[in-house]
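Novice: Let me begin by handing over the structure; questions about it come next.
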Amino acid sequence: MATSEYTALRPQPAAGPSAAEIFVGELPRRRAGWIDWVTTTDHKKIGILYLFTTAFFFLLGGVEALLMRIQLGAPDNTFLDPVTYNQLFTLHGTTMIFMVVVPIAAGFANYLVPLMIGARDMAFPRLNMLSWWLLVFGGVTLYTSIFFSPPDAGWTSYAPLSNATFLPGHGIDAWILSLHLVGLSSILGAINFIVTIHNMRAPGMSLSRMPLFVWTILVYAYMIILAISSLAATLAMLLVDRNFHGTFFDPTQGGSPLLWQHLFWFMGHPEVYIMALPAFGMVSEIVPVFSRKPIFGYRAIVIATAGIAFLGMLVWAHHMFSTPLTTPVLGFFMLSSLAIAVPTGIKIFNWLATLWRGNIELRVPLLFVCGFIAQFVIGGATGVMLALFPVDWQLTDTYFVVAHMHYVLFGGALFAIFGGLYYWFPKMSGRMLSEGLGKLSFWIMVIGFNLTFLPQHSAGMSGMARRVYEYGDTGSLHAYNLASTIGSFILAMGILVTIANVFWSLRRGRRASPDPWQGNTLEWFTTSPPPAHNFDVIPTVRSLEPMKDIRRRVLEQEQPAVEAEPVAEPVG
Amino acid sequence: MGPILRGHTRRLALTLLVAALALAAGAVLAATAGADAISPDAGPTKNAIDIDTLYKIAFYLALVVIGLVWGVLFYSLFRFRARRGRRAPQITGNAALELGWTIGASLIVIVLAGITYIMLPGTKNPQSSGAPALAEARSQNATLDQPPPPAGTKPLEITVSGQQYIWRYQYPNGAVSFQQMIVPVDTTVVLSIKANDVAHSWWIPKLGGKFDTLPGYTNKTWFKATDTGTFDGRCAEFCGSGHAVMTAKVTVVGQQQYQSWVQTQKQQIQQAQKLALQMRKQFQ
Numbered sequence: 117m118a119t120s121e122y123t124a125l126r127p128q129p130a131a132g133p134s135a136a137e138i139f140v141g142e143l144p145r146r147r148a149g150w151i152d153w154v155t156t157t158d159h160k161k162i163g164i165l166y167l168f169t170t171a172f173f174f175l176l177g178g179v180e181a182l183l184m185r186i187q188l189g190a191p192d193n194t195f196l197d198p199v200t201y202n203q204l205f206t207l208h209g210t211t212m213i214f215m216v217v218v219p220i221a222a223g224f225a226n227y228l229v230p231l232m233i234g235a236r237d238m239a240f241p242r243l244n245m246l247s248w249w250l251l252v253f254g255g256v257t258l259y260t261s262i263f264f265s266p267p268d269a270g271w272t273s274y275a276p277l278s279n280a281t282f283l284p285g286h287g288i289d290a291w292i293l294s295l296h297l298v299g300l301s302s303i304l305g306a307i308n309f310i311v312t313i314h315n316m317r318a319p320g321m322s323l324s325r326m327p328l329f330v331w332t333i334l335v336y337a338y339m340i341i342l343a344i345s346s347l348a349a350t351l352a353m354l355l356v357d358r359n360f361h362g363t364f365f366d367p368t369q370g371g372s373p374l375l376w377q378h379l380f381w382f383m384g385h386p387e388v389y390i391m392a393l394p395a396f397g398m399v400s401e402i403v404p405v406f407s408r409k410p411i412f413g414y415r416a417i418v419i420a421t422a423g424i425a426f427l428g429m430l431v432w433a434h435h436m437f438s439t440p441l442t443t444p445v446l447g448f449f450m451l452s453s454l455a456i457a458v459p460t461g462i463k464i465f466n467w468l469a470t471l472w473r474g475n476i477e478l479r480v481p482l483l484f485v486c487g488f489i490a491q492f493v494i495g496g497a498t499g500v501m502l503a504l505f506p507v508d509w510q511l512t513d514t515y516f517v518v519a520h521m522h523y524v525l526f527g528g529a530l531f532a533i534f535g536g537l538y539y540w541f542p543k544m545s546g547r548m549l550s551e552g553l554g555k556l557s558f559w560i561m562v563i564g565f566n567l568t569f570l571p572q573h574s575a576g577m578s579g580m581a582r583r584v585y586e587y588g589d590t591g592s593l594h595a596y597n598l599a600s601t602i603g604s605f606i607l608a609m610g611i612l613v614t615i616a617n618v619f620w621s622l623r624r625g626r627r628a629s630p631d632p633w634q635g636n637t638l639e640w641f642t643t644s645p646p647p648a649h650n651f652d653v654i655p656t657v658r659s660l661e662p663m664k665d666i667r668r669r670v671l672e673q674e675q676p677a678v679e680a681e682p683v684a685e686p687v688g
Numbered sequence: 024m025g026p027i028l029r030g031h032t033r034r035l036a037l038t039l040l041v042a043a044l045a046l047a048a049g050a051v052l053a054a055t056a057g058a059d060a061i062s063p064d065a066g067p068t069k070n071a072i073d074i075d076t077l078y079k080i081a082f083y084l085a086l087v088v089i090g091l092v093w094g095v096l097f098y099s100l101f102r103f104r105a106r107r108g109r110r111a112p113q114i115t116g117n118a119a120l121e122l123g124w125t126i127g128a129s130l131i132v133i134v135l136a137g138i139t140y141i142m143l144p145g146t147k148n149p150q151s152s153g154a155p156a157l158a159e160a161r162s163q164n165a166t167l168d169q170p171p172p173p174a175g176t177k178p179l180e181i182t183v184s185g186q187q188y189i190w191r192y193q194y195p196n197g198a199v200s201f202q203q204m205i206v207p208v209d210t211t212v213v214l215s216i217k218a219n220d221v222a223h224s225w226w227i228p229k230l231g232g233k234f235d236t237l238p239g240y241t242n243k244t245w246f247k248a249t250d251t252g253t254f255d256g257r258c259a260e261f262c263g264s265g266h267a268v269m270t271a272k273v274t275v276v277g278q279q280q281y282q283s284w285v286q287t288q289k290q291q292i293q294q295a296q297k298l299a300l301q302m303r304k305q306f307q
């Protein structure tokens, strides 16, 4: 069971007639490369499909962002016309939220959850494939609309603007159907994760020994089921309003536009935590490995994760502080929003305490995670400021909010996800990503990110509203926006360095051993990349860090026979 | 102990130092470039000034928290870098410490909530109008949640209507204006904000926060400018292709000027109506 002996346990391709007998009828027929990929039910391949799909959408959303930044680089610019600009920010928001940050977590989780809990696949492999296909079709539905009339009501599609009276083009309908498909993809994926995690853990892996990334995916999945099914109903109501004479949100027929905001944000705010929690989970895996120290306060982090999810369902109206609501309502949502800062703060303190007195190896995954902590705390702090509703009256719907949410979702979640990419890439591909290019990418991204989004706080406080295609040359608005535009291109270069790194390393990267980082969790027990069935032998889990136990046992076994049998370097 | 700063550690230290200096320089530059860089705009009205004060309290508290997190993070990265032969203590938690920072974090947000509630009445409730009673002003209870101004004083109530892509102001005496609102100085102005088509948001940054207008709802806010001047603002809720050009402007003028402006407006409207009546007769 030693990792070093592990290659010997793998099924050999041409091991003689007896081996062939065992596998005939059990393994599906091998098909041509691409057919095999698009029909696979292997959670690892589906995970990789998810990652490439979301990376593609990430590039689309990124190009949309750069086009908007060019337009805003100078006051009264005419690079884009107003309608195109509105379409771009609608597509950017929808793409990044529903087709990047949420499914990218599903991609990592698909790959990692079965490996981390010592399972051979997800509970419903075919449902898993359906989830990926629904995501693809959702994306296609949204993006084919660019040949007709793309949606242009913002990613929130506030009624009554999103009603057919005001936006009769079918862009909004494409948007609705696209989110139905992507939402269904997320819900089916969530059911799959829940069933897998509850039923398929390795012997000995009680809930209190479950890796923190798996914990966050479990909570993420429950939140998806609550929030996204609500979104599906909300979208159906808008579809009825637009096409079948419905009046849910039509004030001229007794409907309520405020209802749309309540229903939308009832999904919209949990969505933020749906995006953030898996990133938190990655941080909780990466920090202890590179600190060479157990995670500090495991139980507290689990409770905080559940606490964030619970409170996250109760804060939605803080997006609506400037709508006609009474003070007790404003007060409730201020208090619940402030309360959520406590479990979030606990997590940050726990990560810091894990680093404290560690034996820190500042490799690229940890570098990105440290970037996450440093930037996320800014997003968290501005979040607390926005929770104070009188302050929110000034700052809501301005670039301050744009800056805040990018500090949370980009400087936060996506930096952690980049850390996760550098951390798990060796497991997925069998090759290491280049450290040098990784560090280069990190520093360019840090500079670009902060140059883009830090000045946006000031722009918002100087009167710059969101979703405007132009602004007058007053005060320092031009300076702030020019800095943002320059920063966004630097940020894009930093991302391109990582993409180049991925493609270069896939061919030329140093080969990865099964356990290149001395990890704590079971995915490092199998080869890199793992065989189709993941594990030949599923180990019994005796602690939170099963790989530490396994390495210790291997060391104990090898000690007496150290001269006789030198440890062979495993081949991935 | 051994030397704390070795080759790569020193390089990192330098990089971080440069980064920190650049950030600090940027912050100072931004702060001096315009006073508006680190806090919201606030003009000569109590509600805007109150919001600015509350923002600053939260901002400085946030700086302390960010400083603490950054401090511990960067210190750990320097101080606890991997060294050969060193083994990290296998600590898995500390109940007292964890309870401590949970209580600490809770206290911070409780204090912030407390300060918000203490300051809230001053921000939300209209002040008494300082001006002598205006001839046409009606003292009316601002509905929903906003209490009426103190008894005996007469605010100026203006109905603000948002429509794609212009703001319309209805004054109590029949006067109407578009985009630019004219109000007298030192007078409590109570706004009833409505929308005719889609959602908009009324926002004059220097005169206080923004208030959304939703068709079918009436929202309320107020301000009392203690100084004359022109204050720019805009629609802050995305309302369609012309959202960016849906600007607004509030011009605060002297009492006399306001009265004469209102008279002119009224005369012009009467003349226009007379003309319209004549034309209607003509066509009948």
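Chains A and B are the protein sequences, given in the same order. First residue of the first sequence? That's 117 in the working numbering, and the numbers climb one at a time after it. First residue of the second sequence? That's 24 in the working numbering, and the numbers climb one at a time after it. In this text, a Cβ means the ideal position worked out from N, Cα and C, and glycines have one as well. Computed from a prediction, not measured in an experiment: that's the story for all the values here.
1) Ignoring anything shorter than 4 residues, give me the alpha helix (DSSP H) runs that lie fully in the region 468 to 549 of chain A, in order along the chain.
2) List, in chain order, every chain A residue whose beta-carbon is nearer than 9 Å to that of Tyr240/B.
3) Please name the residue or residues paired with Gly185/B in a DSSP beta bridge.
4) Which class does Leu323/A belong to by DSSP, given the choice of helix, strand or coil?
5) Around the Cβ of Gln203/A, are there at least 16 other Cβ atoms within 10 angstroms (buried) or fewer (exposed)?
6) Are Thr169/A and Gly209/A touching if we call contact CB-CB under 9 Å?
7) What does the alpha-carbon distance come out to for the pair Ala616/A and Leu556/A?
8) For Phe234/B, which residues in chain A fall below 7 Å Cβ to Cβ?
9) Any idea what DSSP makes of Ala581/A, helix, strand or coil?
10) If you count every other CB in all the chains shown that lies within 10 Å of the CB of Thr442/A, and 16 or more means buried, which is it?
11) When burial is assigned at 16 or more other CB atoms within 10 Å of the CB, is Pro662/A buried or exposed?
12) Under a CB-based cut-off of 9 Å, is Val229/A close to chain B?
13) From Gly610/A to Gly536/A, what does the alpha carbon distance come to, in whole angstroms?
14) In the region 355 to 419 of chain A, which residue ranges form an unbroken beta strand (DSSP E) of at least 3 residues, counting only runs that do not cross its ends?
15) Is the region 342 to 353 of chain A close to the region 371 to 385 of chain A, with three or more CB pairs under 8 Å?
16) Assign Gln362/B to one of three DSSP states: helix, strand, or coil.
17) Quick one, which residues of the region 181 to 205 of chain A are near chain B if we go by CB-CB under 7 Å, in chain order?
18) Is Asp192/A helix, strand or coil when you go by DSSP?
19) Contact check, Pro178/B vs Ser215/B under 8 Å by CB: the rounded distance?
20) Any Cβ of chain A within less than 9 Å of the Cβ of Leu135/B?
21) Out of Ile424/A, Leu525/A, Gly552/A and Pro506/A, which one is the CA nearest neighbour of Gly495/A?
22) To the nearest angstrom, report how far apart Ile602/A and Val507/A are at their CA atoms.
23) Please list, in chain order, the chain A residues whose beta carbon lies closer than 8 Å to that of Ser215/B.
24) Please tell me whether Arg191/B and Ala581/A are closer than 9 Å, where the distance is taken between their beta carbons.
25) Once the 5 residues before and after Leu323/A are set aside, which same chain residues still bring their CB inside 6 Å of it?
26) Could you give the distance in angstroms between the alpha-carbon of Phe516/A and the alpha-carbon of Ala267/B?
27) Counting only beta-carbon separations shorter than 9 Å, does Arg191/B have a partner in chain A?
28) Helix or strand or just coil, what does DSSP make of Pro444/A?
29) What do you reckon, are the CB atoms on Lys160/A and Pro646/A nearer than 9 Å?
30) What is the DSSP secondary structure of Leu351/A, counted as helix, strand or coil?
31) Starting from Gly287/A and walking both ways along the alpha helix (DSSP H), at which residues does that stretch end?
32) Excluding the 5 residues flanking Ser550/A on each side, which residues of the same chain have their C-beta closer than 8 Å to its C-beta?
33) Taking Val69/A as the reference, give the member of Phe282/A, Val613/A, Ile233/A and Phe173/A with the closest Cα.
34) What's the call for Ile419/A, buried or exposed, on a 16-neighbour Cβ count within 10 Å?
35) Of the choices Ile310/A, Ile424/A, Arg185/A and Ala269/A, whose alpha-carbon is the least far from that of Ile462/A?
36) For Ala171/A versus Tyr336/A, is the C-beta spacing smaller than 9 Å?
Specialist: Reading it off the structure:
1) Counting whole runs of 4 or more residues, the region 468 to 549 of chain A contains the alpha helix (DSSP H) stretches 480 to 503, 505 to 511, 515 to 524 and 531 to 545.
2) When 9 Å is used as the limit between beta carbons, Tyr240/B is near these residues of chain A: Pro367, Ser372, Pro373, Leu374, Thr439 and Pro440, in chain order.
3) According to DSSP, Gly185/B bridges with Trp190/B and Ala218/B.
4) Leu323/A: helix per DSSP, three-state reduction.
5) It is buried - the Cβ of Gln203/A has at least 16 other Cβ atoms within 10 Å.
6) Contact check for Thr169/A against Gly209/A fails: the beta carbons are separated by 9 Å or more.
7) Using only the alpha carbons, I get a separation of about 12 Å.
8) Correct list: Ser438.
9) The DSSP-derived three-state label of Ala581/A is strand.
10) Only exposed fits Thr442/A, as fewer than 16 other CB atoms lie within 10 angstroms of its CB.
11) With 16 or more Cβ atoms within 10 Å of its Cβ, Pro662/A is classed as buried.
12) No, its Cβ sits nowhere closer than 9 Å to a Cβ of chain B.
13) Approximately 16 Å, taken between the alpha carbons.
14) Runs of the beta strand (DSSP E) lying entirely within the region 355 to 419 of chain A, each at least 3 residues long, are absent.
15) A contact between stretches requires three or more CB pairs, one per stretch, nearer than 8 Å, and the region 342 to 353 of chain A meets this requirement with the region 371 to 385 of chain A.
16) Residue coverage of chain B in this structure runs from 24 to 307, which leaves residue 362/B outside it and unanswerable.
17) Residues of the region 181 to 205 of chain A that bring their beta carbon within less than 7 Å of a beta carbon in chain B comprise Pro198, Val199 and Asn202, in sequence order.
18) In the structure shown, Asp192/A falls within a coil segment according to DSSP collapsed to helix, strand and coil.
19) Cβ atoms of Pro178/B and Ser215/B stay farther apart than 8 Å, at about 11 Å.
20) In terms of beta-carbon proximity, Leu135/B lines the interface with chain A, with at least one pair separated by less than 9 Å.
21) Cα-wise, what sits closest to Gly495/A is Leu525/A.
22) If you draw a straight line from the Cα of Ile602/A to the Cα of Val507/A, it comes to about 29 Å.
23) Chain-order list of chain A residues neighbouring Ser215/B: empty, with the shortest C-beta distance near 11 Å, by a criterion of under 8 Å.
24) Between Arg191/B and Ala581/A, the C-beta spacing is not below 9 Å.
25) Around Leu323/A, the same chain offers no residue with a beta carbon nearer than 6 Å, after the five sequence neighbours per side are excluded.
26) Roughly 17 Å between the two C-alpha positions.
27) No, its Cβ sits nowhere closer than 9 Å to a Cβ of chain A.
28) Helix at Pro444/A.
29) A distance below 9 Å separates the beta carbons of Lys160/A and Pro646/A.
30) Per DSSP, reduced to three states, the secondary structure at Leu351/A is helical.
31) Counting along the chain, the unbroken alpha helix (DSSP H) around Gly287/A starts and ends at Gly287 to Asn315.
32) Counting only Cβ-Cβ distances below 8 Å, and skipping sequence neighbours, we find Asn617, Trp620, Ser621 and Gly625.
33) Nothing in the structure corresponds to residue 69/A, since chain A is present only between 117 and 688.
34) Burial call: exposed.
35) If we check each option's Cα against that of Ile462/A, Ile424/A comes out closest.
36) No, Cβ-Cβ distance for Ala171/A and Tyr336/A is not below 9 Å.
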